[in-house]
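Take 225 as the starting number for the sequence shown in my numbering and just add one per residue. Ideal placement from N, C-alpha and C gives every residue a C-beta, glycine not left out.
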Amino acid sequence: MQLLLLHLDDALELQPDFIRACVNAGAGEIQADTEGRAIRLWGKDSDLSAVRSKLAHRMLRGRKDAHLCFMGSGDFHHVTALLLDIALERDGNPATVIHFDNHPDWVHFNDGMHCGSWVNRALHHSQVQKVITVGVCSNDLRKPEWKGANLSALKQGRLELYPYDHPPSRVKKDYGSGSSYRQASGSLCWKTIAAIGEQNFVDRLLSRIETEAVYLTIDKDVLDRADAITNWDQGRMRLPYLLTLISEIGCRHRIVGADVTGDYSIPSYTGGVWTMLLKHGEILLDQPRRPSDPRLATNINTAANHALREVLARAIS
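Pasting the structure below:
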């Protein structure tokens, strides 16, 4: 397994104990903070290509083993699409993407890629059979058409979405019914983990993975705030349950790559005046206030990262 620390911000640098444990385990560190400031929240394809080049240089030097990459704030979740592309290029087989997140990351976005749009890029990859998103509780599912959601992927069966808990989503168009929802009375009624039951959902999730190869991406905002402190609103899943899901997937499938995002960092970005104003406005609108105790936030995130590294390393091996 290739263990990587991708420094797009200072989130990991604030966790020296975690960095030390990773380096002792043979981790490679990739410094990309300049590129990170350019692509935070969203980035143009040219800036994203610069990040992909750095990743490919480290990851494709004759090695065929799967990667596990920790990469800071969830503001960079679109880097998953780059990591996925490299992992699938290296593996060469069809794969299912399992996406743990409090947000569906399925909005349409032009001229680059947004941390909330990367799922669409993944769905366009020829080797991706399906994306399964798990754990959403956020208001992104409230009137999703109005918010630019790619609901056609649900209708086509290329995307399945299992919220942890969420009321039905009002829609105007007809999307039929799928494995993770049914449409009734102008709403998408979700098959939630809360309704299915956590233990029953383990079997449900495993039954929906139809490829040998799996790519895992984890945004820690899927977790309750007792288990992670992030830049975004957070879900209700607890860390032990997330670790159980990862372990069960690893027992039955070959994990070709994995990444973890969702550590807290103070937003820092570059670009033209208009770009910076847009990003600042998005942060003010969509992100909660800074944590009242930064040291506590770091300690909580460090503990979660240690646990995730241990369980993911076993699952990948």
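{"query": "Would you kindly work out how many angstroms separate the C-alpha atoms of N525 and L463, rounded to a whole number?", "result": "11 Å"}
{"query": "Check whether the Cβ atoms of L229 and L238 sit closer than 8 Å, and answer yes or no.", "result": "no"}
{"query": "How many angstroms separate the CA atom of Q458 from the CA atom of Q511?", "result": "10 Å"}
{"query": "Just mark P240 as buried or exposed, buried being the case when its beta carbon has 16 or more other beta carbons within 10 Å.", "result": "exposed"}
{"query": "What is the DSSP secondary structure of F425, counted as helix, strand or coil?", "result": "helix"}
{"query": "Since I believe M295 is in contact with T485 (beta carbons under 8 Å), could you give me their beta-carbon distance rounded to a whole number of angstroms?", "result": "5 Å"}
{"query": "Which residues mark the beginning and the end of the alpha helix (DSSP H) in which L227 is found?", "result": "It is not in any alpha helix (DSSP H) - L227 instead sits in the beta strand (DSSP E) that spans Q226 to H231."}
{"query": "May I ask which residues mark the beginning and end of the alpha helix (DSSP H) holding L502?", "result": "V497 to D510"}
{"query": "Give the secondary structure of D241 by DSSP, where H, G and I count as helix, E and B as strand, and everything else as coil.", "result": "helix"}
{"query": "Quick check on DSSP: helix, strand or coil for Q380?", "result": "helix"}
{"query": "If I356 sits next to E384, beta carbons under 8 Å apart, how far is it from one beta carbon to the other, in whole angstroms?", "result": "5 Å"}
{"query": "From the DSSP output, read off the bridge partner residues of R406.", "result": "C413"}
{"query": "Nearest to G505 by alpha carbon, out of C246, L265 and L232?", "result": "L265"}
{"query": "Under the three-state reduction of DSSP, which class applies to C475: helix, strand or coil?", "result": "helix"}
{"query": "What number of angstroms, rounded off, separates the C-alpha of G260 from the C-alpha of S409?", "result": "44 Å"}
{"query": "Using a Cβ-Cβ cut-off of 6 Å (strictly less than) and excluding sequence neighbours within five positions of D305, which residues of its own chain qualify?", "result": "It should be pointed out that residue 305 corresponds to Ala in this sequence rather than to Asp. Cβ neighbours of A305 beyond the five flanking positions: W342, R345 and A346."}
{"query": "Suppose contacts are defined by Cβ-Cβ distances below 8 Å. Is H302 in contact with W456 by that definition?", "result": "no"}
{"query": "If D325 and D443 are in contact, beta carbons under 8 Å, what's the gap, nearest whole angstrom?", "result": "4 Å"}
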